[in-house]
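K.L.:
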Amino acid sequence: MIPFALRTLALSCLLAGSALAAAGEKHWTQFRGNRGDGSTLANGLPLHWSDTRNIAWKTPVHGRAWSSPVIYDQTIWITTASEDGRALSLLSVNGKTGAIVSDRKLFDVVQPQFAHKFNTYASPTPVVEKGFVYVSFGSPGIACVDTKSGRVVWERRDFICNHFRGAGSSPILHGNLLIHHFDGSDHQFVAALDKRTGKTVWESRRSIDFKDLGPDGKPEAEGDWRKAYSTPHIEMLNGKAQLISQGAKAAYGYDPKTGRELWRIEERTSHSASSRPAVGHGLIFIPSGWSTGQLLAVRPGAKGEVLDVNAADAEQPREGLNLVWRIKRNVPRKPSVTLDGDFLYWIDDGGIAVCVDAKSGQERWRERIGGNYSASPLLAPGRLYFFSEEGKATVIAAQPRFEKLAENSLPDGFMASPAVLGHALILRTKTALYRIEEGARLVSRR
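Once you know that position 432 of the sequence shown is 818 in my numbering, the rest is easy, because the numbers rise by one and skip nothing.
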């Protein structure tokens, strides 16, 4: 018989989940949502739309930026940048009407670093909480902004990091810490700042030996293989919070309070890791990046273990840090993977969608959706949404049998990942911000 206390707890959790599903999302606080996993419990998200159907509002956004929207209450926050990277701005948008409430230039940059044409000068996504929004453009500037007054509480412009092709890592919050990756061609480290003052609490240098020095003693390809763009993730593992952090050619576990390295898993045949890890069933799911990238399912350690996944004995069972399974085919480079119960889903950059058993890695289905992808998927109850660079949005059933539910499109295409407000999708295309909702009628802002 199940004890009364456990039955009460289970019922409370069920009721809380049901209430959230009915109310929809009130906040969407960071890259990939409140849990950092691209999931929402909100029911009733739109299944069909076009540029004239189920659009509540459309708001053009100036500049060029791939950062995703974040939301607190009814205020949406996005960053943008001028084409040349000299002006870096923060915008707030009324979630109900689409009206731009504030548009503030945070940083003037005299000599912007180079940014690849596939990147922008405003690709990192902000993180927001009650009263404050934390904005990053990488080494050109990080700031904390008061959400009511628009006042800059603090800013940092002293981090030395050559992003080489533009910044991409988004910051996260953990307690009183703002945690950020700096994985450039010259310097590679993780920094934790006091979120109220901006002062550095700890800094942890990447410990891997890249083994990429040429005869002249300098890194090959000007350090191109040392850079990365992934976003950190906090998860309870082995009874303690761990900071899961993916850099170039390695993923790490850190103590988020101190920055002490707990484990490291090396994958030297890939580079430029860009996605955010997923966690479940005691495993960490890590797409390792470009070149010969792999999707790794790793059982984490906690005692300083180091594992080379390309070693001959890498998949042999062992205590602590352990490689459970790997997949080398159609692994995403930029989009993150999504876990739903026992199944792991993803779409690769070239439009192949995949479902595998999360515990074993056994493939359940693999289908060509078509298009090119940078945005990460959205998981809603029973559904997965994929957003292509060409503007196509494909909705499939979240199940171990492939079923396409709908296909929609908007002009300009998607680079940013989606957000949810209430029962509405908040989507950023290359030129505009949209609120998409069942039964809505378009209000366009020019």
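For each residue, glycine too, the CB sits at the ideal point set by N, CA and C.
With distances taken Cα to Cα, identify the nearest neighbour of HIS560 among PRO786, ASP734, ASP423 and ASP580.
P.N.:
Nearest of PRO786, ASP734, ASP423 and ASP580 to HIS560, Cα basis: ASP580.
K.L.:
With a threshold of 8 Å, are at least 3 pairs of Cβ atoms found where one atom belongs to the region 424 to 431 and the other to the region 442 to 450?
P.N.:
Counting Cβ pairs under 8 Å, fewer than three are found: no touch.
K.L.:
Please work out which residues of its chain come closer than 7 Å, Cβ to Cβ, to PHE504, disregarding the five sequence neighbours upstream and downstream, and give them in chain order.
P.N.:
There are no such residues.
K.L.:
Any chance you could list the beta strand (DSSP E) runs of at least 3 consecutive residues sitting entirely within the region 456 to 526, in chain order?
P.N.:
Complete beta strand (DSSP E) runs here, min 3: 456 to 458, 461 to 467, 473 to 480, 486 to 494, 513 to 515 and 518 to 522.
K.L.:
Where does GLN460 land, buried or exposed, given buried means 16+ other C-beta within 10 angstroms?
P.N.:
The residue in question, GLN460, is exposed, as its Cβ has fewer than 16 Cβ neighbours within 10 Å.
K.L.:
Leaving out five residues before and five after SER488 in sequence, what residues of the same chain have Cβ atoms less than 6 Å from its Cβ?
P.N.:
For SER488, where only same-chain residues beyond five positions count, the Cβ hits under 6 Å are SER478 and GLY536.
K.L.:
Looking at the secondary structure, which residues open and close the beta strand (DSSP E) in which GLU647 lies?
P.N.:
Start and end: 647 to 652.
K.L.:
Look at PRO557 and HIS566 and say whether their C-beta atoms are less than 9 Å apart.
P.N.:
Their beta carbons are under 9 Å apart, which means PRO557 touches HIS566 by this criterion.
K.L.:
Can you name, in chain order, every residue of its own chain whose Cβ lies under 7 Å from the Cβ of ALA834, other than the five neighbours on each side?
P.N.:
It is not possible to answer for residue 834, since the shown part of the chain is limited to 387 through 832.
K.L.:
Please report the straight-line C-alpha distance between PRO510 and SER522, rounded to a whole angstrom.
P.N.:
Cα to Cα, PRO510 sits roughly 6 Å from SER522.
K.L.:
Cα separation between ARG821 and ASN429?
P.N.:
When rounded, the distance between both Cα atoms is 16 Å.
K.L.:
Ordered along the chain, which non-local residues of its own chain (more than five positions away) have a Cβ less than 7 Å from that of GLY645?
P.N.:
Hits under 7 Å: VAL576, ALA578, TRP588, GLU589 and SER590.
K.L.:
Just mark LEU807 as buried or exposed, buried being the case when its beta carbon has 16 or more other beta carbons within 10 Å.
P.N.:
LEU807 is buried by the Cβ-count criterion.
K.L.:
Only counting runs of 3 or more residues, tell me where the beta strand (DSSP E) segments fall wholly within the region 697 to 778, in order along the chain.
P.N.:
Within the region 697 to 778, the complete beta strand (DSSP E) runs of at least 3 residues are 708 to 713, 724 to 726, 729 to 733, 738 to 743, 749 to 754, 764 to 766 and 769 to 773.
K.L.:
Which residue marks the beginning of the beta strand (DSSP E) containing GLY584, and which one marks its end?
P.N.:
Careful: GLY584 lies outside any beta strand (DSSP E) and carries neither H nor E.
K.L.:
If you compare alpha carbons, which of ALA627, PRO663, ASN624 and SER555 is closest to ALA637?
P.N.:
Looking at the Cα atoms, PRO663 is the closest of the given residues.
K.L.:
Can you give the Cα-Cα distance for SER571 and LEU433, rounded to whole angstroms?
P.N.:
One C-alpha to the other measures close to 42 Å.
K.L.:
Considering only C-alpha positions, which residue in the set GLY666, ASP602 and LYS613 is nearest to ILE630?
P.N.:
Of GLY666, ASP602 and LYS613, the residue nearest in Cα terms is GLY666.
K.L.:
With H, G and I counted as helix, E and B as strand and the rest as coil, what does DSSP make of TRP452?
P.N.:
Of the three classes helix, strand and coil, the one that applies to TRP452 here is coil, per DSSP.
K.L.:
Which residues in the same chain have their Cβ closer than 8 Å to the Cβ of GLY690, if we skip the five residues on either side of it in sequence?
P.N.:
Result list for GLY690: GLU647, LEU648 and TRP649, in chain order.
K.L.:
Which value, in whole angstroms, describes the spacing of the CA atoms of TYR731 and GLY679?
P.N.:
Roughly 17 Å separates the two Cα atoms.
K.L.:
Which same chain residues end up closer than 8 Å to LEU400 when comparing Cβ atoms and leaving out the 5 residues on each side of it in sequence?
P.N.:
For LEU400, the pLDDT reaches just 46, beneath the cut-off of 50, and the residue's location in the model is therefore unreliable, leaving the point undetermined.
K.L.:
Would you list the one or two residues that DSSP bridges to THR780?
P.N.:
Partner(s): PHE772 and GLU793.
K.L.:
Leaving out five residues on either side along the sequence, give the residues of the same chain with a beta carbon under 6 Å from the beta carbon of ASP598.
P.N.:
Cβ neighbours of ASP598 beyond the five flanking positions: PRO605, GLU606 and TRP611.
K.L.:
Please report the straight-line C-alpha distance between ALA761 and ILE733, rounded to a whole angstrom.
P.N.:
Each residue's alpha carbon lies about 10 Å from the other.
K.L.:
Does the separation of the CB atoms of TYR458 and VAL519 fall below 9 Å?
P.N.:
Yes, they are a contact pair.
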